[in-house]
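>
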Amino acid sequence: MKSLPVVLILFLLGLTGCTHQEPTVFAISIHPSNSQIMYVATMKGVYKSRDGGETWEFRSEGLSDAHVLSLAIDPSSSSTVYAGTFGDAIYKTQDGGQQWHSANIGLKGHVSVVNGLTFYPKDPKTIFAATTVGVFKSIDAGSEWVEKVGDMESVYTVSLVFDPENSEMLYVGTSGGIYKSRDLGEHWEKKNQGLIENEVGSAMSLGVNSILINPKQNNEILIGTSLGVFKSSDGGDRWIKMTKGVDSRFVIALALNGNDLKTVYAGTDMGIYKSTDGGESWIPENRGLESKVIRALALDKSRPEILFAGTQGGLYKSVNGGEHWTLLKGFDQSSVK
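10 is the number of the first residue of the sequence shown in the numbering used here; add one for each residue after it.
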């Protein structure tokens with residue numbers, strides 16, 4: 010197995026070493042058709058909410074001690090959830106988190122760290138996983154996985170997203186920039202013009218942690234990277250760095266307001282930033298945030314003024330588009346129901 014980039018190892022270890030009373034939150038997943046159902050992954054385990062984050066239930070039975078880094082709710086079944094871990098690959102639950110089982114055939118012994126998961130829009134049984142040794146694909150709801158690295162040079166993959174207008178097209182963020190596939194991962198094109206000056210030795214030069222595609226203009230893409238936010242207006246052929254307000258922050262998460270596609274949020278190592286002009290300029294939105302190392306962001310699609318931020322010091326919620334944040338409580342194992 011290939012080694013992890015040093016900067017990412019340090020970032021992850023920094024998160025798990027938190028001494029706050031509230032646990033580090035690594036991932037947030039809101040069901041796409043029922044925003045009352047949410048799952049979050051913390052350093053204590055996985056929690057579930059049935060009321061939009063007001064109350065939480067501990068749901069980690071069957072999970073190993075490995076931290077969960079990524080969560081994905083099956084869009085066709087709110088009871089089916091996949092968890093990518095730091096050290097024990099992928100787990101799956103089919104009963105809303107009551108019991109988890111490993112889903113590692115084709116992965117175990119080859120892959121241990123899973124940074125991201127996404128579903129093929131035409132068939133939720135087809136899933137893609139971003140791992141430390143490349144992209145993996147399952148066509149049978151996680152029963153078995155096959156490698157889809159192809160001609161990638163940077164196999165440490167962090168994030169992946171489908172083009173909202175072309176379900177055969179997939180973008181993957183790696184430790185060495187971004188790749189694009191037009192055939193569900195069979196072949197990959199490197200798309201680093203404007204991102205990386207010298208491609209020689211670029212496999213560990215720029216971590217692409219988050220990818221956002223405008224659902225109405227699919228050539229318009231924003232990426233959050235280890236060197237800030239970049240924007241492309243031509244489907245990734247060329248990138249321009251967005252320097253106004255956010256500059257070279259370590260950007261780990263991006264979130265888009267589905268009702269106002271010019272409004273974007275960036276979670277960084279120095280707090281949350283908001284743009285109202287499609288990423289051209291940014292302002293900090295940290296009022297109420299005691300912990301400013303952001304690990305995850307999620308919006309309520311039915312009410313996009315409601316946001317959740319996973320931080321080094323717990324889960325925060327905003328009900329006014331990020332203008333003010335409130336720390337949510339209830340993340341202890343006694344909340345099992």
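Glycine is no exception: its CB is placed at the ideal position from the N, C-alpha and C atoms.
#1: Give the secondary structure of Gly-331 by DSSP, where H, G and I count as helix, E and B as strand, and everything else as coil.
#2: Which of helix, strand or coil does DSSP assign to Val-144?
#3: Just curious, the beta strand (DSSP E) that Thr-234 is in, first and last residue?
#4: Alpha carbons only, please: which of Leu-221, Met-161, Thr-277, Lys-199 is nearest the one belonging to Leu-236?
#5: Give the straight-line distance between the Cα atoms of Asn-223 and Asp-286, rounded to the nearest whole angstrom.
#6: Counting only runs that start and end within the region 65-110, where is the alpha helix (DSSP H) found for 4 or more residues in a row?
#7: Any beta-carbon of chain D closer than 7 Å to the one on Thr-102?
#8: With DSSP as the reference, label Asp-269 as helix, strand or coil.
#9: Note down, in chain order, each residue of its chain lying with its Cβ closer than 6 Å to the Cβ of Val-120, except the 5 sequence neighbours on either side.
#10: Could you have a look at Ile-39 and say whether DSSP puts it in helix, strand or coil?
#11: Do you know how far the Cα of Asp-104 is from the Cα of Phe-137?
#12: Quick one: using the 10 Å Cβ neighbour count with 16 as the cut-off for buried, is Pro-84 buried or exposed?
#13: To the nearest whole angstrom, what separates the beta carbons of Gly-93 and Leu-72, a pair I think is in contact under 8 Å?
#14: Roughly how many angstroms separate the alpha carbons of Lys-253 and Ser-284, rounded to a whole number?
#15: Cα-Cα, which of Gln-107, Phe-171, Gly-319, Ile-261 is closest to Pro-130?
#16: Express the C-alpha separation of Asp-160 and Gln-202 in angstroms, rounding to a whole number.
#17: According to DSSP, simplified to helix, strand and coil, what is Val-122?
#18: Please report how far the alpha carbon of Val-260 lies from the alpha carbon of Ile-114, in whole angstroms.
#19: Excluding five sequence neighbours on each side, which residues of the same chain lie with their C-beta closer than 8 Å to the C-beta of Gly-245?
#20: Where DSSP assigns a beta bridge to Ser-303, which residues make up the other side?
#21: Do you know whose CA, among Thr-335, Gly-54, Glu-206, Arg-312, lies nearest Trp-248's CA?
#22: In three-state DSSP terms, what is Thr-173?
#23: For the putative contact between Asn-124 and Thr-166, defined by C-beta atoms under 8 Å, what is the C-beta separation to the nearest angstrom?
With the structure as the only source:
#1: Reading the sequence shown from its first residue, position 322 is the one you call residue 331. When DSSP states are grouped into helix, strand and coil, Gly-331 belongs to the coil group.
#2: Here residue 144 refers to the residue found at position 135 when the sequence shown is read from its first residue. In the three-state scheme derived from DSSP, where H, G and I count as helix and E and B as strand, Val-144 is classed as strand.
#3: As a working note, residue 234 is residue 225 in the sequence shown. In the DSSP assignment, Thr-234 falls within the unbroken beta strand (DSSP E) covering 230-234.
#4: Here residue 236 corresponds to residue number 227 of the sequence shown, with the count starting at 1. Checking every option, the nearest Cα to that of Leu-236 belongs to Thr-277.
#5: Taking the sequence shown and counting its residues from 1, one reaches residue 223 at position 214. Taking the sequence shown and counting its residues from 1, one reaches residue 286 at position 277. Spanning the two alpha carbons is a distance of roughly 13 Å.
#6: Given a length threshold of 4 residues, the region 65-110 has no whole run of the alpha helix (DSSP H) inside it.
#7: Protein chains in the displayed structure number just one, and chain D is not present.
#8: Within the sequence shown, numbered from 1, the residue matching residue 269 stands at position 260. Of the three classes helix, strand and coil, the one that applies to Asp-269 here is coil, per DSSP.
#9: Within the sequence shown, the letter at position 111 stands for residue 120. Same-chain partners within the cutoff: Ala-98, Thr-140, Val-142.
#10: Here residue 39 corresponds to residue number 30 of the sequence shown, with the count starting at 1. In the three-state reduction of the DSSP assignment, Ile-39 falls in the strand class, which pools E and B.
#11: As a working mapping, residue 137 is identified with position 128 in the sequence shown. As a working mapping, residue 104 is identified with position 95 in the sequence shown. Distance between the alpha carbons of Phe-137 and Asp-104: 21 Å.
#12: Translated into positions along the sequence shown, residue 84 becomes position 75. Pro-84 comes out exposed.
#13: To locate residue 93, count along the sequence shown from 1; it is residue 84. To locate residue 72, count along the sequence shown from 1; it is residue 63. Contact doesn't hold; Cβ gap of about 12 Å is too wide.
#14: Your numbering for residue 253 matches position 244 in the sequence shown. Your numbering for residue 284 matches position 275 in the sequence shown. Annotation: Lys-253 to Ser-284 spans about 10 Å, alpha carbon to alpha carbon.
#15: Against the sequence shown, residue 130 aligns to sequence position 121. Of the candidates Gln-107, Phe-171, Gly-319, Ile-261, the one whose C-alpha sits nearest the C-alpha of Pro-130 is Phe-171.
#16: Here the question's residue 202 lines up with position 193 in the sequence shown. Here the question's residue 160 lines up with position 151 in the sequence shown. Answer to the nearest angstrom: the Cα atoms are 18 Å apart.
#17: As a first step, residue 122 must be located in the sequence shown, where it is residue number 113. Strand at Val-122.
#18: Working through the sequence shown from its first residue, we reach residue 260 at position 251. Working through the sequence shown from its first residue, we reach residue 114 at position 105. Distance between the alpha carbons of Val-260 and Ile-114: 32 Å.
#19: Position 236 of the sequence shown, counted from the first residue, corresponds to residue 245. So the list reads Tyr-180, Ile-187, Lys-189, Lys-200, Ile-230, once near-sequence residues are dropped.
#20: Looking up residue 303 in the sequence shown gives position 294. The residue you asked about is not Ser; residue 303 is Ile in the sequence shown. Paired residue(s): Thr-320.
#21: Position 239 of the sequence shown holds residue 248. Answer by Cα proximity: Glu-206.
#22: What you label residue 173 is simply residue 164 of the sequence shown in a count that begins at 1. Note that residue 173 corresponds to Pro in the displayed sequence, not to Thr. In this structure, Pro-173 counts as coil in the three-state DSSP scheme.
#23: Your numbering for residue 124 matches position 115 in the sequence shown. Your numbering for residue 166 matches position 157 in the sequence shown. Contact holds; Cβ gap of about 7 Å.
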